[in-house]
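S.K.:
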Ligand code: HEM
Ligand code: MG
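In our numbering, the protein residues as written are 610 to 824.
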């Protein structure tokens, strides 16, 4: 199976995005993480997660500005602060405070420990997690950037992990799937996750994003 999970090698590069990294770790994107075009990203999102092009194209196009190649990007370049990369991330440190590219378990613990008592995350827990991560950054990062742009990106990312790892119609996602997605950048197939059988469009995911943003 060419889409088996494989850890990146020493020369492979990865991004601050668990979605793109997971697609690369499963070979939907080049495992090198390098020289990736917009159509490659759109195809990989559809093949791997059944995420429609309308949800991916804007970020993909923006991502091209992370480097100098005219039509491709390298995943690690997406750590460019202020392009898509922002403060108060769910699983990475703020740029001014440290490593804004690689997974950080301490940062991720806010999300990991959210929605106590049940085995799923939902739009309410995701909204609270976003509040908590923002409060921490506001309190600790004198250089924080927190405008409408970052707020919109952060809310869409919350909807992405709920919709891709869970039910895109309800925004309910099993904790175990979400944790494996972030921690291992691994599709939790062995744990029971399946690629959504309906293409997730912005029409489907917008209500989830709106519910998170409302909180
Ligand atoms: C961050 C999911 C596609 C670029 C994130 C985060 C999630 C996510 C959940 C938040 C990580 C965190 O806060 O720690 C996805 C999924 C995708 C996808 C499921 C489906 C393919 C893309 C595309 C691009 C992109 C197409 C651009 C080429 C980024 C970047 C970040 C990010 C730069 C870092 C933002 C930050 O937290 O500072 N993504 N994403 N993503 N994504 Fe994606
Ligand atoms: Mg960030």
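Glycine is no exception: its CB is placed at the ideal position from the N, C-alpha and C atoms. A quick note: this is a predicted structure, and the numbers were derived from the prediction, not measured.
Ligand 2 heavy atoms versus the CB of residue 823: any closer than 6 Å?
M.R.: no
S.K.: Taking its Cβ as the centre, do 16 or more other Cβ atoms sit within 10 Å of residue 725, making it buried, or is it exposed?
M.R.: Its Cβ having fewer than 16 others within 10 Å, residue 725 is exposed.
S.K.: I'd like to confirm the pairing. Which residues does DSSP put opposite residue 645 in its beta bridges?
M.R.: 682
S.K.: Taking only three categories from DSSP, how would you classify residue 693?
M.R.: coil
S.K.: Taking the alpha-carbon of residue 744 as reference, which of 654, 759 and 697 has the nearest alpha-carbon?
M.R.: 697
S.K.: Less than 7 Å between the C-beta atoms of residue 645 and residue 681, yes or no?
M.R.: yes
S.K.: Starting from residue 794, follow the alpha helix (DSSP H) in both directions and report where the run begins and ends.
M.R.: From DSSP, residue 794 is part of no alpha helix (DSSP H); its letter is neither H nor E.
S.K.: How is residue 744 classed by DSSP in three states: helix, strand or coil?
M.R.: helix
S.K.: Considering only heavy atoms of ligand 2, does any lie closer than 6 Å to the CB of residue 698?
M.R.: yes
S.K.: Taking 6 Å as the cut-off, does the CB of residue 769 come closer than this to any heavy atom belonging to ligand 1?
M.R.: yes
S.K.: Quick one: what's residue 809 bridged to in DSSP?
M.R.: 660
S.K.: So for residue 770, helix, strand or coil by DSSP?
M.R.: helix
S.K.: Out of curiosity, what's the CA-to-CA distance linking residue 786 and residue 766?
M.R.: Cα-Cα distance, rounded: 16 Å.
S.K.: Can you name, in chain order, every residue of its own chain whose Cβ lies under 7 Å from the Cβ of residue 730, other than the five neighbours on each side?
M.R.: 723, 724, 771, 782, 784 and 787
S.K.: Should the stretch 616-626 be regarded as contacting the stretch 691-711, the criterion being three or more beta carbon pairs within less than 8 Å?
M.R.: Yes, they touch.
S.K.: At the level of alpha carbons, what is the spacing between residue 657 and residue 621?
M.R.: Inter-residue distance for residue 657 and residue 621 is about 19 Å (C-alpha atoms, whole angstroms).
S.K.: What are the boundary residues of the alpha helix (DSSP H) that residue 721 is part of?
M.R.: Segment 714-721, the alpha helix (DSSP H) holding residue 721.
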